[in-house]
Structure formats: structure tokens, C-alpha cells
Amino acid sequence: MGLSQLQEGKMPKNYVNCHKTWNAPKRPWERERLCQELKYVGLFGLKNKKEVWRVQYMLAKIRKAARELLILPENDSRRLFEGEALVNRMIRLGVLKENEKRLDYVLGLTVPLFLERRLATKVFRSNSAKSMHEARVKIYQRHIKVGKQLVNIPSFMVRIENENQVQLSQDSALANAKIGRTKKMKLKGKAKAEAKKDAPAEGDEQTNLTLI
């Protein structure tokens, strides 16, 4: 805050962008919802239930926009312009198909459709990881890139145009077949153990000397 602003009694502008990204459920102990959320967390390797709530919040906003546009007349300019933009965005994201260019299909979108577009899911589906959790760790450790962009966010939404560009980074230790720190330590331990086995014991040396 500058001195001039303090003297004038004005507050400075706040450039921090704090938007709400998820909504907690109103009924926290509902059995069916709890089972469904646990199923999503285990099936897609999510960190916690907040990732499910984040997708549900985003889906609710998309459905709300589609409902507001469907109320308008079919020839309304806003419905034509914003509706086409919304549908094209969903097609580009991969949750709608090319033959589903209508707002009615937007209302039929579900949470698993968005979870399937996550980068962690795509890495696992491409057989680059043995499990969802391994895919998440590889992304966190900066082994995965989408096109030319290195991505370390498992919830990154992969578009249709970038779906075939999910691959290991060239700078990754996994791509260059470099030995990691823990593997080096294990190899050193094995080498020491083999050296001890191959080396003759002190008692054997003394018996050999007495025989000579």
C-alpha cells in the first residue's frame, strides 16, 4: 500500500483471484453417495474426495449454462452463439462425440466422462503405468509431457487433439534409462554382498598356511 493511498483513505486493488472450485455435499452421511465417491476415488486413483467434488461442481456449472440456453427460443442469437460454443468446447474436450452437437446431450454428461479425460487416466490407459497410482506418481515427478508441454498435474484435462501426444519426457530418467538413486544403492549392496562371499574367510587362510 502506497503512502498516497493511505493519506487519501483508499484501499489498494486486490489482484488475488480466489474462486470456489468445489462444493461439499449437503448431506455428508448419505450412504449411496459415499459408496459412489469411494468407487470413483479407487477406480481413477484420485487423491481425495475433493477431486470428485471439483468435477461435480464444474459439471453443475456446465449444466446450468445449458439449461439457461435451452429456455431461450431456438432462433435467439444468444442461444445460437453460446450454445454452439459450449457444445464445441465439450466436443474438443472429448466428453461429447461429433454427432452429439445439441444442448440436450450436454445435460446428459456424467462425472466418469470427465474423469476419463484426466491425464492420470490417459497415462494408465496407454499402458505407460501399471496402475492409476503409478501414473499419478509419474506425473508428479515430471516424467510425462503432453505435446511439447511438461505437465505435473494429474487432473490436467486432455483434449482430443492432444490425446495421442501423451508420452514420456525426453529429459526424464525413465526415457533415458538412467539408474535412480535407490537402485544405485541396491546395486552397491549386492556388489558388496557378492564380494564378501567370494573373499576367503580368515579361518580358511590359517588352515591353508598350516598345511603348507
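One rule links them: number in this note's numbering = place in the sequence shown (from 1) + 37. We treat Cβ as the ideally placed atom computed from N, Cα and C, and that holds for glycine.
Where the alpha helix (DSSP H) containing residue i begins and where it ends
i, result
"residue 96", "86-108"
"residue 128", "114-130"
"residue 203", "First-last for residue 203: 203-205, but that is the beta strand (DSSP E), not the alpha helix (DSSP H)."
"residue 71", "68-80"
"residue 6", "In this structure the chain extends from 38 to 249, so residue 6 is not present and cannot be described."
Proximal residues to residue i (C-beta, below 6 Å), its chain only, five neighbours per side dropped
i, result
"residue 173", "82, 157, 191"
"residue 193", "156"
"residue 159", "195, 203"
Assigned exposure category for residue i - 16 Cβ within 10 Å defines buried
i, result
"residue 182", "buried"
"residue 127", "buried"
"residue 53", "exposed"
"residue 227", "exposed"
"residue 74", "buried"
"residue 166", "buried"
For residue j and residue i, believed in contact at Cβ under 8 Å, the rounded distance
i, j, result
"residue 188", "residue 176", "7 Å"
"residue 132", "residue 161", "Between residue 161 and residue 132 the Cβ distance is about 18 Å, and since that is not below 8 Å, they are no contact."
"residue 205", "residue 180", "6 Å"
"residue 130", "residue 154", "6 Å"
"residue 87", "residue 66", "Actually they are not in contact, since the Cβ atoms of residue 87 and residue 66 sit about 17 Å apart, beyond 8 Å."
"residue 216", "residue 146", "Between residue 146 and residue 216 the Cβ distance is about 45 Å, and since that is not below 8 Å, they are no contact."
"residue 163", "residue 203", "6 Å"
"residue 144", "residue 102", "Not a contact, Cβ separation roughly 11 Å."
Own chain, CB closer than 8 Å to residue i, minus 5 neighbours either side, in chain order
i, result
"residue 231", "none"
"residue 211", "175, 180, 205"
"residue 106", "115, 116, 119, 120, 123, 140"
"residue 148", "77, 89, 92, 93, 96"
"residue 178", "189"
"residue 219", "none"
"residue 201", "none"
Three-state secondary structure assigned by DSSP to residue i
i, result
"residue 179", "coil"
"residue 173", "helix"
"residue 144", "helix"
"residue 236", "coil"
"residue 187", "strand"
"residue 50", "coil"
Same chain, Cβ closer than 7 Å to residue i, five either side skipped, listed in chain order
i, result
"residue 199", "183, 184"
"residue 70", "62"
"residue 8", "Nothing about residue 8 can be read from this structure; the chain reaches only from 38 to 249."
"residue 142", "133"
Residue i: CB within 7 Å of a non-hydrogen atom of the ligand ADP
i, result
"residue 209", "Here there are no bound small molecules, and the ligand ADP is not part of this structure."
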